[in-house]
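Student:
Residue numbers (the numbering used here): 31 to 532.
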């Protein structure tokens, strides 16, 4: 976005926005971007007959009390391309001619206080537009300096400096941290990243101005830039506190799942976990989250605050803790559930985690694992390890794997496909040469997944059992027998590696 030109002529909208007029109200939706180059004080009717273009026409109290003179001033301003008409609000309080101003495209400014004083303020702003704009920036800088690195105070200072603008601070994925929701919901907001030391955003400053005049967005951005340093300091302090909380939570989880023989120490750990709202009473369902794709060399690490914000919005309850190489959570299986069926608990947990992972995936591509139930926190560590193992084989973004349902396909997908691709091609070379459309490769993989059962494979492939049988005969003629124990593991691994690559 371009920087504002401080020396450009002032517009009508800026006379209102920069604040040279006390208690000003503007009527008329059109003509607000007209430049103001001159000021004309009108204390009698005939002074309206000779106006210069781009003039602010200021009516004194006496003529402004006659409604027909105000209407005449609007018409004369329209005829002679004047910029606007300015009148004391008290003079036209009963019947302000806003409809006429809107129809003619000549803004009508209603000011509090004396009209002559307003004319002097306008003349000063018009003669030195750079001074007027600089005064706004200086006022904002002074307010921000007094606010310090406190988010609520910074936003209050910005709202005071930009009274026609709504502001909010969000996390990098759009979650509200402070400010007004109207700014976030705007169709065309001004956005400015609040960067951290590594250049990645710690937060985002969002502004929406009721004024849509040309150049005003650039002015808003200039003011917002002055707010970045105190907000960076605030966000960095907040991030440090969250990182300390992450480390403390990871340590506390380790202590909880590896209880000390000292009963007093164990009781203290449980009390601290309970104070954080962690579920402690079993049975407990464990969850794990992992990035579903490998991070690029220059990509940001999986952001804790952003992920926690998304988990809070879309998750299924329970804490979210960075634990060893992924993120883990758990909840009480019996909470809100009328059943005591373990299978029902796991199915519900799997479905809920899949919904959350897919919703979060718009910002952070994840895969998940589900395990349990753990009888209590003493066995929660085992359930969390199982959930992490399940998440490790859920390589596809948005996918969720149950630890007790990890089949050959999931286990094989966890192997390094790139290192195995060439050996897989060698093993299956005759089949690949004969398989033009990949039908034989997919059939062989599904048959092996199903324990060499053609009927089950036919159902998954959506074809008749005889079709699968015919394909298997073709595969056997090429030298591959899915029922041969000596070949089965190598064939299964090679099929899955090549299917993953494709």
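Beta carbons are placed, not taken as given, at the ideal position from N, Cα and C, and that holds for glycine.
From residue 55 to residue 354, what distance separates their C-alpha atoms?
Tutor: Taking the first residue of the chain shown as position 1, residue 55 is located at position 25. Taking the first residue of the chain shown as position 1, residue 354 is located at position 324. Between residue 55 and residue 354, the C-alpha separation is close to 59 Å.
Student: Give a yes or no on contact between the stretch 274–294 and the stretch 211–219, applying the rule of three or more CB pairs nearer than 8 Å.
Tutor: Segments in contact, no.
Student: Assign residue 346 to one of three DSSP states: helix, strand, or coil.
Tutor: Your numbering for residue 346 matches position 316 in the chain shown. Note: residue 346 maps to coil in three-state DSSP.
Student: So, using beta-carbon positions, are residue 71 and residue 155 closer together than 8 Å?
Tutor: The sequence position of residue 71 within the chain shown is 41, counting from 1. The sequence position of residue 155 within the chain shown is 125, counting from 1. In this structure, residue 155 does not lie closer than 8 Å to residue 71 by Cβ.
Student: Are three or more beta carbon pairs between the stretch 314–321 and the stretch 388–402 nearer than 8 Å?
Tutor: Touching, yes.
Student: Indicate the three-state DSSP secondary structure (helix, strand or coil) for residue 465 in the structure shown.
Tutor: Taking the first residue of the chain shown as position 1, residue 465 is located at position 435. Looking at residue 465 - three-state DSSP - the assignment turns out to be coil, as it is neither helix nor strand.
Student: Starting from residue 206, follow its DSSP beta bridges and name the residues at the other end.
Tutor: Within the chain shown, residue 206 is the residue found at index 176, counting from 1. Answer is 200.
Student: Can you list, in chain order, the residues of its chain with a C-beta nearer than 8 Å to that of residue 488? Leave out the 5 residues immediately preceding and following it.
Tutor: Position 458 of the chain shown, counted from the start, is the residue given in the question as residue 488. Hits under 8 Å: 494, 495, 497, 498.
Student: Output needed for residue 350: all residues of its chain with C-beta closer than 6 Å, excluding positions within five of it in sequence on either side, in chain order.
Tutor: By one-based count along the chain shown, residue 350 stands at place 320. Excluding sequence neighbours, residue 350 sits near 338, 341, 357, 359.
Student: Flag this pair as yes or no: are the beta carbons of residue 234 and residue 221 separated by less than 8 Å?
Tutor: Locating residue 234 in the chain shown gives position 204, counting from the first residue. Locating residue 221 in the chain shown gives position 191, counting from the first residue. A contact, by the Cβ cut-off of 8 Å.
Student: If we count the other Cβ atoms within 10 Å of its Cβ and call it buried at 16 or more, is residue 555 buried or exposed?
Tutor: The requested residue 555 is not part of the displayed model; the chain covers only 31 to 532.
Student: Go through the stretch 39–98 residue by residue and report every complete run of the beta strand (DSSP E) that reaches 3 residues or more, in order.
Tutor: Listed in chain order, the complete beta strand (DSSP E) runs (minimum 3 residues) inside the stretch 39–98 are 55–57, 68–72, 85–89.
Student: Three-state secondary structure (DSSP) at residue 215?
Tutor: Locating residue 215 in the chain shown gives position 185, counting from the first residue. The answer is coil: DSSP assigns residue 215 none of H, G, I, E or B.
Student: Decide if the stretch 115–122 is in contact with the stretch 167–180; the criterion is three or more beta carbon pairs, one per stretch, under 8 Å apart.
Tutor: Output reads no: the stretch 167–180 does not touch the stretch 115–122.
Student: Quick check on the burial criterion: 16 or more other C-beta atoms within 10 angstroms. Buried or exposed for residue 93?
Tutor: As a working mapping, residue 93 is identified with position 63 in the chain shown. Answer is buried; the Cβ neighbour count reaches 16.
Student: I'd like the list of long-range same chain contacts for residue 450, defined as Cβ closer than 6 Å, with 5 residues on each side in sequence excluded.
Tutor: The sequence position of residue 450 within the chain shown is 420, counting from 1. Answer for residue 450: 527, listed in chain order.
Student: Residue 195: which of 171, 312, 238 sits nearest, CA to CA?
Tutor: Residue numbering aside, residue 195 sits at position 165 when the chain shown is read from its first letter. Among 171, 312, 238, the Cα nearest to that of residue 195 is on 238.
Student: When burial is assigned at 16 or more other CB atoms within 10 Å of the CB, is residue 382 buried or exposed?
Tutor: Here residue 382 is taken as the residue at index 352 of the chain shown, counted from 1. Burial call: buried.
Student: Taking 8 Å as the cut-off, decide whether the C-beta atoms of residue 138 and residue 57 are in contact.
Tutor: Here residue 138 corresponds to residue number 108 of the chain shown, with the count starting at 1. Here residue 57 corresponds to residue number 27 of the chain shown, with the count starting at 1. Yes; because the gap between Cβ atoms is below 8 Å, this pair is in contact.
Student: Give me, in chain order, the residues of the same chain whose beta-carbon lies closer than 7 Å to that of residue 130; leave out the 5 immediate sequence neighbours on both sides.
Tutor: As a first step, residue 130 must be located in the chain shown, where it is residue number 100. Around residue 130: 101, 104.
Student: Go ahead and pull the three-state DSSP assignment for residue 362.
Tutor: The count along the chain shown starts at 1 and reaches residue 362 at position 332. Residue state, collapsed to three classes: strand.
Student: Taking the beta strand (DSSP E) that residue 318 belongs to, which residues open and close that run?
Tutor: The sequence position of residue 318 within the chain shown is 288, counting from 1. Residue 318 -> beta strand (DSSP E) spans 314–321.
Student: With residue 402 as the anchor, note down where its beta strand (DSSP E) starts and where it stops.
Tutor: If you number the chain shown from 1, residue 402 lands on position 372. Its beta strand (DSSP E) spans residues 396–404.
Student: With H, G and I counted as helix, E and B as strand and the rest as coil, what does DSSP make of residue 232?
Tutor: Taking the first residue of the chain shown as position 1, residue 232 is located at position 202. Of the three classes helix, strand and coil, the one that applies to residue 232 here is strand, per DSSP.
Student: Determine whether the beta carbon atoms of residue 363 and residue 403 lie at a separation below 8 Å.
Tutor: Numbered from its first residue, the chain shown carries residue 363 at position 333. Numbered from its first residue, the chain shown carries residue 403 at position 373. Yes, they are a contact pair.
Student: Looking at the strands, I want to know which residues DSSP matches up with residue 225.
Tutor: Residue mapping note: residue 225 aligns to position 195 of the chain shown, counting from 1. For residue 225, which the question treats as bridged, DSSP gives the partners 231.
Student: Smallest Cα separation from residue 511: which of 209, 310, 475, 467?
Tutor: Within the chain shown, the letter at position 481 stands for residue 511. Out of 209, 310, 475, 467, 475 has the C-alpha closest to the C-alpha of residue 511.
Student: Between the Cα of residue 249 and the Cα atoms of 371, 459, 168, 68, which residue gives the shortest distance?
Tutor: What you label residue 249 is simply residue 219 of the chain shown in a count that begins at 1. Taking only the C-alpha atoms, the option nearest residue 249 is 168.
Student: Using only the alpha-carbon positions, how far apart do residue 283 and residue 310 sit?
Tutor: Counting from one through the chain shown, the residue named residue 283 turns up at place 253. Counting from one through the chain shown, the residue named residue 310 turns up at place 280. Cα to Cα, the separation comes out at about 11 Å.
Student: May I have the straight-line CA-CA distance separating residue 127 from residue 217, to the nearest angstrom?
Tutor: Residue mapping note: residue 127 aligns to position 97 of the chain shown, counting from 1. Residue mapping note: residue 217 aligns to position 187 of the chain shown, counting from 1. Those two C-alpha atoms are separated by around 31 Å.
Student: Alpha carbon to alpha carbon, how far is residue 468 from residue 507?
Tutor: On the chain shown, position 438 is the one that residue 468 refers to. On the chain shown, position 477 is the one that residue 507 refers to. Near 17 Å, if we compare the C-alpha coordinates of residue 507 and residue 468.
Student: Do residue 236 and residue 192 come within 8 Å of each other at the CB atom, strictly closer than that value?
Tutor: Here residue 192 refers to the residue found at position 162 of the chain shown. Here residue 236 refers to the residue found at position 206 of the chain shown. No, these two residues do not count as a Cβ contact at 8 Å.
Student: Less than 8 Å between the beta carbons of residue 69 and residue 46, yes or no?
Tutor: As a first step, residue 69 must be located in the chain shown, where it is residue number 39. As a first step, residue 46 must be located in the chain shown, where it is residue number 16. Contact: no.
Student: Leaving out the 5 sequence neighbours to the left and right, which residues in its chain are closer than 7 Å to residue 327 when beta-carbon positions are compared?
Tutor: The residue labelled residue 327 in the question sits at position 297 within the chain shown. Only weak support is given to the placement of residue 327: the predicted model assigns it a pLDDT of 37, under 50, and the question is left unresolved by the model.
Student: Tell me whether residue 136 sits in a helix, a strand or coil according to DSSP, three-state version.
Tutor: As a working note, residue 136 is residue 106 in the chain shown. Here residue 136 sits in coil by DSSP.
Student: In angstroms, rounded to a whole number, what distance separates the CA positions of residue 452 and residue 473?
Tutor: Taking the chain shown and counting its residues from 1, one reaches residue 452 at position 422. Taking the chain shown and counting its residues from 1, one reaches residue 473 at position 443. Their Cα atoms are separated by approximately 21 Å.
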